[in-house]
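Encoded as structure tokens, the structure appears first; notes follow it.
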Amino acid sequence: MDYIKRITELAPQVPAIVLEDVTNRIKDWVVSGGKEDDPYIEQQLKFVERVAARSKEHDI
7 MDYIKRITEL APQVPAIVLE DVTNRIKDWV VSGGKEDDPY IEQQLKFVER VAARSKEHDI
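Under the working numbering, the residues of the sequence shown are numbered 7 to 66, in order.
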């Protein structure tokens with residue numbers, strides 16, 4: 007799965023501050039030698055998915 011693509015698809019459904027935080031974490035990970043398909047990026051995707059689901063529930 008392309009984790010970053012999925013995060014991008016969910017971006018409109020999450021608060022900007024969350025997206026900014028996740029983006030910075032991913033950038034730091036990649037700059038430090040991590041890869042875009044590492045489990046850490048998958049973890050970030052799961053977080054974004056949870057926030058998006060909560061936002062839908064609470065109409066944020």
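Glycine included, every Cβ here is placed at the ideal spot set by N, Cα and C.
In the DSSP assignment, K62 falls within the unbroken alpha helix (DSSP H) covering P45 to H64. For A22, the uninterrupted alpha helix (DSSP H) run begins and ends at A22 to V37, by DSSP. Around S61, the same chain offers Q19, V20 and P21 as residues with beta carbons nearer than 8 Å, after the five sequence neighbours per side are excluded. Check the Cα spacing between V28 and each of L51, A59 and D43: the tightest is with L51.
Counting the other CB atoms within 10 Å of its CB gives V37 a total below 16, which places it among the exposed residues.
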